[in-house]
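Numbering (the UniProt record's numbering), first residue to last: 1 to 203.
Quick reminder that beta carbons are idealized off the backbone N, C-alpha and C, glycines included.
Fair warning: this is a prediction, and the values are worked out from it, not measured in the lab.
Right under this line is the structure:
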């Protein structure tokens, strides 16, 4: 029966540390070089520049800001008024749910913003600044994550929006629905015709 005293020592004694390092350095020469440099106080090892580290840790506006680039506007002191924002929010909100129609949202948004006018500000610029207010929840997050200063026109916004919420796969699905459309036995010709037109409108 073995006892604790007779068991082999799993951790060799480190009484002679230098000798242990030299033995191990036969298989890994880097250990010896590092220990010698440490013993000699070699200052060749790179020391992090604390000044640069401090600068890197300082808050910065680099990379911040929304996806809408700065647009030249003739009007002085232009800002979106609360009633403009509320008009958009009350009339057309896109939630990004499976049943939401991205094309219909754009049509409604364009209709609502037709009546909003500001001297010295183009319709395109107004729509560009108002569009984010028509989005809710994770749709706003999607918009905010677009590359900084990547949008210059409302048309670009509309294309990105449709690319996200009306992808080619959805177009193919709707085309298949239209191609394979059949009147159900329990619906009238008028009802079937209205549903057919609705499918075409969604495409």
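**Message:** Relative to the C-alpha of residue 196, which candidate in 187, 188, 181 and 186 has its C-alpha closest?
**Reply:** Ranking 187, 188, 181 and 186 by Cα distance to residue 196 puts 181 first.
**Message:** Which complete beta strand (DSSP E) runs does the UniProt domain "Retrotransposon gag" (130-202) hold, if anything under 3 residues is left out?
**Reply:** For the beta strand (DSSP E) assignment, the UniProt domain "Retrotransposon gag" (130-202) encloses no uninterrupted run of at least 3 residues.
**Prompt:** Taking buried to mean at least 16 other C-beta atoms within 10 Å of its own C-beta, is residue 92 buried or exposed?
**Reply:** Of the residues assessed, residue 92 falls on the buried side of the cut-off, its CB having 16 or more other CB atoms within 10 angstroms.
**Item:** Between the CA atoms of residue 163 and residue 193 - distance to the nearest angstrom
**Value:** In a straight line, the C-alpha of residue 193 is about 29 Å away from that of residue 163.
**Candidates 125, 138, 88 and 76, of which the one nearest residue 68 by Cα** = Measuring from the Cα of residue 68, the nearest candidate turns out to be 125.
**Message:** Tell me the DSSP secondary structure of residue 109 in three-state form.
**Reply:** For residue 109, the three-state secondary structure derived from DSSP is helix.
**Reduced DSSP category for residue 71 - H, G, I as helix; E, B as strand; rest coil** = It is coil, neither helix nor strand.
**Request:** To the nearest angstrom, report how far apart residue 133 and residue 88 are at their CA atoms.
**Result:** Residue 133 and residue 88: Cα-Cα distance of roughly 7 Å.
**Request:** Note down the Cα distance separating residue 157 from residue 128, rounded to an integer number of angstroms.
**Result:** When rounded, the distance between both Cα atoms is 7 Å.
**Asked** Is it buried or exposed for residue 139, if we count other Cβ within 10 angstroms and need 16 for buried?
**Response** Under a 10 Å Cβ-count criterion, residue 139 is classified as buried, with 16 or more other Cβ atoms of the shown protein chains found around its own Cβ.
**Assigned exposure category for residue 198 - 16 Cβ within 10 Å defines buried** = Result: exposed.
**Message:** Here's the rule: buried if 16 or more other CB atoms are within 10 angstroms of the residue's CB, otherwise exposed. What is residue 52?
**Reply:** With a threshold of 16 other beta carbon atoms within 10 Å, residue 52 falls short and is exposed.
**Prompt:** Would the segment 80-87 and the segment 136-155 be scored as touching if the rule is three or more Cβ pairs under 8 Å?
**Reply:** Judged by Cβ distances under 8 Å, the segment 80-87 makes no contact with the segment 136-155, as fewer than three pairs qualify.
**Prompt:** Considering residue 116, what are the terminal residues of the alpha helix (DSSP H) in which it resides?
**Reply:** Run containing residue 116: none; DSSP gives neither H nor E here.
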